[in-house]
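Heads up: the sequence shown at position 40 corresponds to 39 in numbering that gives the first Met the number 0, and the numbers run straight through without jumps.
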Amino acid sequence: MVADLIGLISIQWFLLSALIFFVGYLAAYPVWKLEIKLLIKYPVWVWGWVKRKIGPDDHWMKMFLFIFLFNSFSLLVNFVSGFLVVLPFILAFFLGLHLGVISMKEFGKISFAMMFLNPVAWLELPASWVSLAIGIDLGLKTLEHGLVLEPFFELLPVYALIVIPLLLIAGSLETALIKKITDEEMKAGSLEELEKEIEDEEKEN
Numbered sequence: 000m001v002a003d004l005i006g007l008i009s010i011q012w013f014l015l016s017a018l019i020f021f022v023g024y025l026a027a028y029p030v031w032k033l034e035i036k037l038l039i040k041y042p043v044w045v046w047g048w049v050k051r052k053i054g055p056d057d058h059w060m061k062m063f064l065f066i067f068l069f070n071s072f073s074l075l076v077n078f079v080s081g082f083l084v085v086l087p088f089i090l091a092f093f094l095g096l097h098l099g100v101i102s103m104k105e106f107g108k109i110s111f112a113m114m115f116l117n118p119v120a121w122l123e124l125p126a127s128w129v130s131l132a133i134g135i136d137l138g139l140k141t142l143e144h145g146l147v148l149e150p151f152f153e154l155l156p157v158y159a160l161i162v163i164p165l166l167l168i169a170g171s172l173e174t175a176l177i178k179k180i181t182d183e184e185m186k187a188g189s190l191e192e193l194e195k196e197i198e199d200e201e202k203e204n
């Protein structure tokens, strides 16, 4: 079953999606440095909106559901964009560009470590490229046969049974990592406060 679904994913379109993504990611550097507001405003707004909606102090279930549903919707858009033929290529570029802009905003540089050293990205990025690959495939079939639903339903199990499980695992992992880091920071802060109290008491004595 899984092997059959994987067989529906074009390696060619998967790799092309990844390549276009990285072109967009690298393009974020000059876009940020040149302050091209037309390309910066949207990803910065979305990033701010996400941070307003969830935070490390939220319940883990709320955090997980938000991350999972947000990513699931975004990748569903990648897939169904194939009905507009060229849109998956454009979305692949802007996905990379938007993540690159966020990297520039948060780290002041294009951080490949954010992708390659982050286990969450090992799941989310391939899931994104799969959604784009089946979107491209859908677009080519739409171009060939016209606007028919048969190719969509043929590829839908790939989204449902490969992309969604990857996002479930990624969402769980991301939530766990955020909670773990938050707990460690709180413990470190409590320890610093305790040390400061001891120092103050020693000075008073």
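Cβ coordinates follow ideal geometry from the N, Cα and C atoms, glycine included.
All figures in this text were calculated on a predicted structure; none of them were measured in a lab.
Residue range of the unbroken alpha helix (DSSP H) whose run includes residue i
{"i": "residue 34", "result": "Taken as a continuous stretch (DSSP letters only), residue 34 belongs to no alpha helix (DSSP H), as it is neither H nor E."}
{"i": "residue 97", "result": "86 to 106"}
{"i": "residue 0", "result": "Where residue 0 is concerned, there is no enclosing alpha helix (DSSP H), given that its DSSP letter is neither H nor E."}
{"i": "residue 117", "result": "Where residue 117 is concerned, there is no enclosing alpha helix (DSSP H), given that its DSSP letter is neither H nor E."}
{"i": "residue 73", "result": "59 to 79"}
Span separating the alpha-carbon of residue i from that of residue j
{"i": "residue 61", "j": "residue 91", "result": "28 Å"}
{"i": "residue 52", "j": "residue 173", "result": "16 Å"}
{"i": "residue 150", "j": "residue 56", "result": "43 Å"}
{"i": "residue 112", "j": "residue 28", "result": "15 Å"}
{"i": "residue 122", "j": "residue 66", "result": "13 Å"}
{"i": "residue 9", "j": "residue 19", "result": "15 Å"}
{"i": "residue 54", "j": "residue 13", "result": "33 Å"}
{"i": "residue 109", "j": "residue 117", "result": "14 Å"}
{"i": "residue 48", "j": "residue 6", "result": "37 Å"}
{"i": "residue 82", "j": "residue 133", "result": "11 Å"}
{"i": "residue 152", "j": "residue 89", "result": "23 Å"}
Among the options, the one whose alpha carbon lies nearest that of residue i
{"i": "residue 21", "options": "45, 119 and 114", "result": "114"}
{"i": "residue 16", "options": "41, 71 and 93", "result": "93"}
{"i": "residue 80", "options": "167, 165 and 137", "result": "137"}
{"i": "residue 1", "options": "178, 181, 154 and 180", "result": "154"}
{"i": "residue 179", "options": "14, 152, 58 and 44", "result": "58"}
{"i": "residue 171", "options": "6, 13, 46 and 63", "result": "63"}
{"i": "residue 95", "options": "44, 7 and 24", "result": "24"}
{"i": "residue 103", "options": "89, 175, 152 and 46", "result": "46"}
6 Å CB neighbourhood of residue i in its chain, flanking five on each side removed
{"i": "residue 158", "result": "78"}
{"i": "residue 131", "result": "16, 77, 87 and 91"}
{"i": "residue 162", "result": "74, 126, 129 and 130"}
{"i": "residue 140", "result": "150"}
{"i": "residue 169", "result": "119, 122 and 123"}
{"i": "residue 142", "result": "84"}
{"i": "residue 107", "result": "none"}
{"i": "residue 50", "result": "none"}
{"i": "residue 177", "result": "55"}
Cβ neighbours of residue i in the same chain (closer than 7 Å, five flanking residues each side left out)
{"i": "residue 42", "result": "97, 100 and 101"}
{"i": "residue 4", "result": "156, 157, 160 and 161"}
{"i": "residue 71", "result": "163 and 166"}
{"i": "residue 11", "result": "none"}
Beta-carbon proximity list for residue i, same chain, < 8 Å, skipping 5 on both sides
{"i": "residue 189", "result": "The predicted model places residue 189 with a pLDDT of 47, which falls under 50 and marks its position as unreliable; any figure quoted below should be read in that light. Result list for residue 189: empty, nothing under 8 Å."}
{"i": "residue 40", "result": "none"}
Checklist entry - Can you find at least 3 beta carbon pairs, one from the segment 32 to 42 and one from the segment 140 to 153, that sit closer than 8 Å? => result no
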